[in-house]
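Comments concern the structure below.
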């Protein structure tokens, strides 16, 4: 990490902050302005990944977040599976249910800088980034685009499904975390070679503009499990069933 890189990072973050104020929020911005913001955030992400020093305390934080996200992903799948099996055991209501969907999501959430970001007294900020502001903006951007989950699962009620079927037959297995590491760029750090990187970490650092220094400061994760019962009918009372469509 060089002084030139730190100066460049400060300039990029200044440009990002100068695009504000962020009230009105990002969802009210035009597409061109959002596009410029995305480019700047990607530049910041790439630069921070180049600057990442992987000091011992940072490596331990990476392992901790990776283990946490891996365990939360499994917890999300297991809870969705348990709820769907209960629905299958009970059966659907033909008088109402035209579809039943079970959906699980895992996401990083920014509520405030104290609860959502690891503070400097715990993990020193050697990069000079305004992590709280940048991670807040990234969270708002992905929330606006409905892309804020880093892991998800979904299934729909199927008459062929039985409650005793294995998770993969019910389409709720954690097939992305099969024991192979997701060590694609920028996660191909030599210090990470003995870590099985989970797909949620891969999603945050490879599909989104969260840098590795951002990732190891994330401190607020939410799992949501939603069960949706749908009743689909037109003015003549005709039903449109996704459950009995093949009968």
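Residue numbers (this note's numbering): 30 to 276.
A virtual CB, placed ideally from N, CA and C, is assigned to each residue, including glycine.
These numbers were taken from a predicted model, which means no experiment stands behind them.
Asked: 8 Å Cβ shell around residue 48 - same chain, five flanking residues per side excluded; Found: 62, 65, 66, 69
Asked: In DSSP terms, what residue 137 is bridged to; Found: 250
Asked: Beta-carbon separation (whole angstroms), residue 269 vs residue 127, contact threshold 8 Å; Found: 6 Å
Asked: Backbone CA spacing between residue 247 and residue 226 [nearest angstrom]; Found: 16 Å
Asked: Whole-Å CB distance - residue 201 paired with residue 106, under 8 Å assumed; Found: 6 Å
Asked: Backbone secondary structure at residue 182 - three-state DSSP; Found: strand
Asked: Classification of residue 133 by the beta-carbon crowding that lies within 10 angstroms, buried from 16 upward; Found: buried
Asked: Residue environment, residue 131, which counts as buried when at least 16 other CB atoms sit within 10 Å; Found: buried
Asked: Proximity below 9 Å, CB of residue 213 to CB of residue 179; Found: no
Asked: When 162, 263, 80 are compared against residue 50, the one with the closest alpha-carbon; Found: 162
Asked: Three or more C-beta pairs below 8 Å linking the segment 115-129 and the segment 138-154; Found: no
Asked: Per DSSP, the bridge partner or partners of residue 132; Found: 183, 255
Asked: Selection from 185, 243, 54 that minimises the alpha carbon distance to residue 158; Found: 243
Asked: Local Cβ density within 10 Å of residue 229, reported as buried at 16 or more and exposed below that; Found: buried
Asked: Delimiting residues of the alpha helix (DSSP H) encompassing residue 48; Found: Run containing residue 48: none; DSSP gives neither H nor E here.
Asked: Proximity winner among 239, 94, 250, 192, relative to residue 78 (alpha-carbon distances); Found: 239
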